Amino acid sequence: MRLLLLCLLLVSAAPAATRAQDLPAAAETEVATPLDAGAPTSVNAAPVQSNGLPTAPTPPRTMRAYWHVFVAFAVAWALLFGYVVALGRRFGSLEREIRRLEGTGV
Amino acid sequence: MRGFVRQLLTIAGKDLRLELRSRERLVSMMTFAVLVAVVFSFSLDPGVEARTVAGAMLWVTILFAGMLGLGRSFALEREQDAMMGILLAPLDRGALFLGKLIANLALLLATEVAVFVVFALFFQLSYWKTLGSVILVVVLASVGFMILGTLFSAMAAGTRLGETLLPVLILPLLMPVVIYAASSTQRLIVGRPFAEVAGSVRVLVVFDLIFLIVSILLFGAVVEE
Amino acid sequence: MNDVVESQESTRRWAVILSAISGLSVLATFWLIFFYVPTEREMGIVQRIYYVHVPSAWVAFLAFGIVALCSLVYLWIRDDRLDAIALSSAELGLVFTTIVLITGPLWGKIAWGVWWVWDARLSLTLLLWFIYVGYFMLRGATENPERGKRFAAILGIVGAVDIPLIHVSVLWFRSQHPQPVVLRAEGPTADPEIVKTLLFSFLTFTIVFFALLLLRYGLERLQRRVDAATFRAATRSSSINSQGAVR
Numbered sequence: 002m003r004l005l006l007l008c009l010l011l012v013s014a015a016p017a018a019t020r021a022q023d024l025p026a027a028a029e030t031e032v033a034t035p036l037d038a039g040a041p042t043s044v045n046a047a048p049v050q051s052n053g054l055p056t057a058p059t060p061p062r063t064m065r066a067y068w069h070v071f072v073a074f075a076v077a078w079a080l081l082f083g084y085v086v087a088l089g090r091r092f093g094s095l096e097r098e099i100r101r102l103e104g105t106g107v
Numbered sequence: 024m025r026g027f028v029r030q031l032l033t034i035a036g037k038d039l040r041l042e043l044r045s046r047e048r049l050v051s052m053m054t055f056a057v058l059v060a061v062v063f064s065f066s067l068d069p070g071v072e073a074r075t076v077a078g079a080m081l082w083v084t085i086l087f088a089g090m091l092g093l094g095r096s097f098a099l100e101r102e103q104d105a106m107m108g109i110l111l112a113p114l115d116r117g118a119l120f121l122g123k124l125i126a127n128l129a130l131l132l133a134t135e136v137a138v139f140v141v142f143a144l145f146f147q148l149s150y151w152k153t154l155g156s157v158i159l160v161v162v163l164a165s166v167g168f169m170i171l172g173t174l175f176s177a178m179a180a181g182t183r184l185g186e187t188l189l190p191v192l193i194l195p196l197l198m199p200v201v202i203y204a205a206s207s208t209q210r211l212i213v214g215r216p217f218a219e220v221a222g223s224v225r226v227l228v229v230f231d232l233i234f235l236i237v238s239i240l241l242f243g244a245v246v247e248e
Numbered sequence: 025m026n027d028v029v030e031s032q033e034s035t036r037r038w039a040v041i042l043s044a045i046s047g048l049s050v051l052a053t054f055w056l057i058f059f060y061v062p063t064e065r066e067m068g069i070v071q072r073i074y075y076v077h078v079p080s081a082w083v084a085f086l087a088f089g090i091v092a093l094c095s096l097v098y099l100w101i102r103d104d105r106l107d108a109i110a111l112s113s114a115e116l117g118l119v120f121t122t123i124v125l126i127t128g129p130l131w132g133k134i135a136w137g138v139w140w141v142w143d144a145r146l147s148l149t150l151l152l153w154f155i156y157v158g159y160f161m162l163r164g165a166t167e168n169p170e171r172g173k174r175f176a177a178i179l180g181i182v183g184a185v186d187i188p189l190i191h192v193s194v195l196w197f198r199s200q201h202p203q204p205v206v207l208r209a210e211g212p213t214a215d216p217e218i219v220k221t222l223l224f225s226f227l228t229f230t231i232v233f234f235a236l237l238l239l240r241y242g243l244e245r246l247q248r249r250v251d252a253a254t255f256r257a258a259t260r261s262s263s264i265n266s267q268g269a270v271r
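Chains as they are written, first to last, in this note's numbering: chain A, 2 to 107; chain B, 24 to 248; chain C, 25 to 271.
Structure follows, in structure tokens:
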């Protein structure tokens, strides 16, 4: 039952992909230009204080962003789902073990 | 209190006397440190001015040399099961920890002297102008390093993996020490005033005090049984 | 023996109830994330990663807090159940920290243009992940189980004391992570829909965490009982024949 629910959830991650399809293909042009995010880190330049976000002038609205959202959600839920499955399997093997032990009369 | 100090000195003295006789840890730490300096001088691009990255190089060397020494810190106790003997002695657990800490610290400081001299020779560094501040920073950072190092080497010695486990356990925990020690050492080497690293020194003091208390309290749980 | 079975039963009952609630809550969160909340104006679609990323980070730190608390009390009263909770919580913490570390760069690549920067919060989370990994390596490498529990508890406590220090130092080192948009003194700056969704997904992740924690805890307790029974069976049959029932 639990597994079924989680399966459903995993499938429901799909909207990210379907939404991505709505986007005009023209948006699929260039990826974000690398920002100067590294910030100068040479030590003798004294404390580096780059506070706040680097200000991206225009947010990149490309297909790539949709892909990243999709992958992020898929990976996150796959990890949780996989964890639940692993728990279930361990429960199963423990129950077998218990039955075996009961056979020996402990 | 008197008894506590005497116990502590006994343990530290025992370790240092053993070390003076065999010199195995000190020799391996120093040789390793010098070799790391050699490796750095060969792997550093000639275009890079060593002075600008000296803090990082020094602390990488010190960390790994120190880790090498820590790996053997409880080795004798483990191999001969001498730990049982020490634990059977009427000895405060805190004193045991502090004694071990002092012995480890002495070894590390001796190695650090060699490290700083060798780096000065190899990379044309000079510490004279800010010698006092450099010593202060290095000692404080080494104390922090060895507090966690002693606690965790006692634990690592009780596992199957032994000293292999040690770096994995303590490197993440030592990040504050690394950050403050490397950056302030770097600044002092390039001749910045002490005022600029005073904040780092304060954090290092806080780190040392917190973990000194925590470790003394927890050490009993490491060695019980 | 009877109340062991009873507590097992109640653990299971609560686990089922919590799982059902968390399932529904997750569904609602999905609806909120994909159909309710508007796309953030400045950052675009990638901002939706927040709704997984930020709550996971919260849960990861919550898990570590639980590990530390249970470890501390475990060293005090040596109750095996506390160790089981600490272990379960650490395992979940590892899972959620992994989620944070995977979703973060996916967002950063779009928003910052790079996968990884040595920013304060990123560094802190990465170090937290390493501490969790060390926790399990320490447990796995200790042959004597009682000793393993003690060592793990010590690492849990030292780690928890260290986390604020690491936080201070990496913050001082450098920071370019976006500042909190919901929990701040002057009130939230983000759109009310975004705030609502984010808060709801905080709630969801917390419920999911506790549901999983309960499941994992039940499993751990069962495992330990089976191990003890196996041990008893082995020692008894080893007196009969040396083959024994050792797994």
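Ideal placement from N, C-alpha and C gives every residue a C-beta, glycine not left out.
Just so it is clear, the structure is predicted and the values come from calculations on it, not from any experiment.
query	result
Within the 8 Å Cβ cut-off, does Ala-87 of chain C reach chain A?	no
Do Ile-73 of chain C and Thr-127 of chain C have their CB atoms nearer than 8 Å?	yes
Measuring only the C-alpha atoms, how far is Ala-108 of chain C from Arg-245 of chain C?	7 Å
Enumerate in chain order the residues of its own chain whose CB-to-CB distance from Ser-225 of chain C is below 6 Å, with the five nearest sequence positions on each side excluded.	Thr-53, Tyr-75, Pro-79
Here's the rule I'm using: 16 or more other beta-carbon atoms within 10 Å means buried, otherwise exposed. How should Ser-34 of chain C be labelled?	exposed
To which residues does DSSP link Glu-64 of chain C through a beta bridge?	C:Gly-68
Please check if any C-beta of chain C sits within less than 8 Å of the C-beta of Phe-92 of chain A.	yes
Considering Cα atoms alone, identify which of B:Asp-231, B:Gly-214, B:Leu-188 is closest to Gly-78 of chain B.	B:Gly-214
May I ask you to report which of helix, strand or coil DSSP gives Ser-96 of chain B?	coil
If the cut is a Cβ gap below 8 Å, which residues of chain A does Val-272 of chain C touch?	Here chain C has residues from 25 to 271 only, and residue 272 of chain C is not among them.
Within 8 Å of any Cβ in chain A, is that where the Cβ of Ala-253 of chain C sits?	yes
Using a C-beta to C-beta distance shorter than 7 Å, which residues of chain B count as neighbours of Leu-151 of chain C?	Pro-195, Met-198
Please compile the residues from chain B whose C-beta is within a distance smaller than 8 Å of the C-beta of Phe-154 of chain C.	Val-191, Leu-194, Pro-195
Between C:Val-194, C:Ala-92, C:Glu-64, C:Ala-252, which has its C-alpha nearest Leu-151 of chain C's C-alpha?	C:Val-194
In chain order, what residues of the same chain have a beta carbon less than 6 Å from the beta carbon of Ser-207 of chain B, not counting five sequence neighbours either side?	Val-160, Val-220, Ser-223
With 8 Å as the threshold, decide whether the Cβ of Arg-183 of chain B is near any Cβ in chain C.	yes
Of all Cβ atoms in chain C, is any one closer than 8 Å to the Cβ of Arg-97 of chain A?	no
Going along chain B in order, which residues have a C-beta closer than 8 Å to the C-beta of Ser-106 of chain C?	The displayed chain sequence assigns Leu, not Ser, to residue 106 of chain C. Ordered by position in chain B, no residue passes the 8 Å Cβ test against Leu-106 of chain C, which lies about 14 Å from the chain.
Whose C-beta lies closer than 6 Å to the C-beta of Phe-229 of chain C among residues of the same chain, with five residues either side of it excluded?	Pro-79, Val-83
Are at least three pairs of beta-carbons, each pair with one atom in the region 51 to 71 of chain B and one in the region 175 to 182 of chain B, less than 8 Å apart?	no
One question on the structure: do Leu-110 of chain B and Val-246 of chain B come within less than 8 Å of each other, judged by their Cβ atoms?	yes
So which residues on chain C does Arg-70 of chain A lean against when the C-beta distance must stay under 7 Å?	A small fix is needed here, since residue 70 of chain A is Val in this sequence, not Arg. Within chain C, the residues near Val-70 of chain A are Ile-69, Val-70, Arg-72, Ile-73.
Quick check: what's the CA-CA separation for Asp-104 of chain B versus Leu-119 of chain B?	16 Å
Please say whether Val-91 of chain C and Ser-113 of chain C have beta carbons closer to each other than 8 Å?	yes
Throw me the rounded Cβ distance for the Leu-91 of chain B and Ser-176 of chain B pair, which I believe falls under 8 Å.	With 8 Å as the limit, Leu-91 of chain B and Ser-176 of chain B do not qualify as a contact, their Cβ atoms being about 11 Å apart.
With 8 Å as the limit, tell me which residues of the region 115 to 148 of chain B have their beta carbon closer than that to any beta carbon of chain F; keep them in chain order.	The structure shown contains no chain F; its protein chains are A, B and C.
Leaving aside the five residues before and after Val-61 of chain B along the sequence, list all residues of the same chain whose C-beta is less than 8 Å from its C-beta, in chain order.	Phe-145
Count the other C-beta atoms from every protein chain shown that fall within 10 angstroms of the C-beta of Val-136 of chain B, then say buried if there are 16 or more, exposed otherwise.	exposed
In chain order, what residues of the region 183 to 198 of chain C put their CB closer than 8 Å to some CB of chain B?	Gly-183, Val-185, Asp-186, Leu-189, Ile-190, Val-192, Ser-193, Val-194, Trp-196, Phe-197
Does Leu-189 of chain C pass the burial test, meaning 16 or more other C-beta atoms within 10 Å, or should it be called exposed?	buried
Quick one: using the 10 Å Cβ neighbour count with 16 as the cut-off for buried, is Trp-82 of chain B buried or exposed?	buried
Beta-carbon of Arg-100 of chain A versus every beta-carbon of chain C: anything under 8 Å?	no
Over what stretch of residues does the alpha helix (DSSP H) that includes Thr-153 of chain B continue unbroken?	Unbroken run through Thr-153 of chain B: none, as it is neither H nor E.
Name, please, each residue of chain A whose Cβ falls closer than 7 Å to the Cβ of Gln-247 of chain C.	Leu-95
For the region 133 to 143 of chain C against the region 166 to 181 of chain C, do three or more pairs of beta-carbon atoms, one drawn from each stretch, fall closer than 8 Å, so that the two count as touching?	no
Of the choices C:Val-141, C:Leu-179, C:Thr-149, whose alpha-carbon is the least far from that of Val-124 of chain C?	C:Thr-149
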